[in-house]
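Working notes for the structure below.
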Amino acid sequence: DVKVTQSSRYLVKRTGEKVFLECVQDMDHENMFWYRQDPGLGLRLIYFSYDVKMKEKGDIPEGYSVSREKKERFSLILESASTNQTSMYLCASSSLMTGGTQPQHFGDGTRLSIL
Amino acid sequence: GQQLNQSPQSMFIQEGEDVSMNCTSSSIFNTWLWYKQEPGEGPVLLIALYKAGELTSNGRLTAQFGITRKDSFLNISASIPSDVGIYFCAGRPSGGSQGNLIFGKGTKLSVKP
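Protein chains in written order, with this note's numbering: chain A, 112 to 226; chain B, 1049 to 1161.
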């Protein structure tokens, strides 16, 4: 079974802090994704990566950055946390599949509160 | 950006009843996926569909890739209390970025024992 592990289930930080959310997958997947999930808005893609040291902006990248130094690890960084970044953050990974789309497998999420 | 219309938004049913939900898009999709998310957890993949007309079952769950390639359906038979959760559809539009998915906003299912 695919295992996607997010470093924290719950996190409380203060406005202005730099926040790191870590995600590790154990299936040698090429693709990794970061989403945020808010009531009524569904899942929104923040950033994704198709390879080590590669990153692409998703739909809502403002206020975030990412790092992928190793294939199995994809980090989401809130450069200066703000209260509107309070949300559930979900990491996902999938393998590369020519001509189709492999399902994304999700971690359990990090519920982040910015005070 | 592109959106999926998922309906209904929520359902309140009695244990033992059958459930149907669907997703529609304005464009053709190459892949349809169905996920379930329980409170405090991440979405878990239930069923993946890759061909128009494909019908796939996973226990009491059955999903279909619509013939028009613009819709998909999920049915749950004889619901039980542990079916409670939010069900999401997801898919990749034809010509879309490889690996990226579009998600529906979910159907919240409540089951009364």
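Every residue gets a Cβ at the ideal spot worked out from N, C-alpha and C, and that includes glycine.
Taking 8 Å as the threshold (C-beta atoms), are residue 1058 of chain B and residue 1156 of chain B in contact?
yes
Would you please state the rounded distance, in angstroms, between the beta carbons of residue 201 of chain A and residue 217 of chain A? I believe it to be under 8 Å.
5 Å
Starting from the beta carbon of residue 1151 of chain B, find every residue of chain A whose beta carbon is closer than 7 Å, and list them in chain order.
Residues of chain A passing the Cβ test: 153, 154.
Out of curiosity, what's the CA-to-CA distance linking residue 221 of chain A and residue 1066 of chain B?
33 Å
Who are the neighbours of residue 1140 of chain B on chain A, taking C-beta pairs under 7 Å?
212
Check whether the segment 1065-1083 of chain B touches the segment 142-151 of chain A, taking contact to mean three or more Cβ pairs, one atom from each stretch, closer than 8 Å.
no
Does DSSP classify residue 1004 of chain B as helix, strand or coil?
An answer regarding residue 1004 of chain B cannot be provided, because it is not within the stretch 1049 to 1161 covered by chain B.
Would you mind giving the Cβ-Cβ distance between residue 174 of chain A and residue 193 of chain A, rounded to the nearest angstrom? I have them listed as a contact below 8 Å.
7 Å
I need the DSSP call for residue 1079 of chain B, collapsed to helix, strand or coil.
strand
Between the beta-carbon of residue 158 of chain A and the beta-carbon of residue 169 of chain A, is there less than 8 Å?
yes
Using beta carbons (cut-off 8 Å, strictly below), is residue 185 of chain A in contact with chain B?
For residue 185 of chain A, the nearest beta carbon of chain B is not closer than 8 Å to its own beta carbon.
Going along chain A, which residues have a C-beta under 9 Å from residue 1089 of chain B?
Those are 217, 219, 220, listed as they occur along chain A.
Check residue 1070 of chain B in the structure and name its three-state DSSP category.
Looking at residue 1070 of chain B - three-state DSSP - the assignment turns out to be strand.
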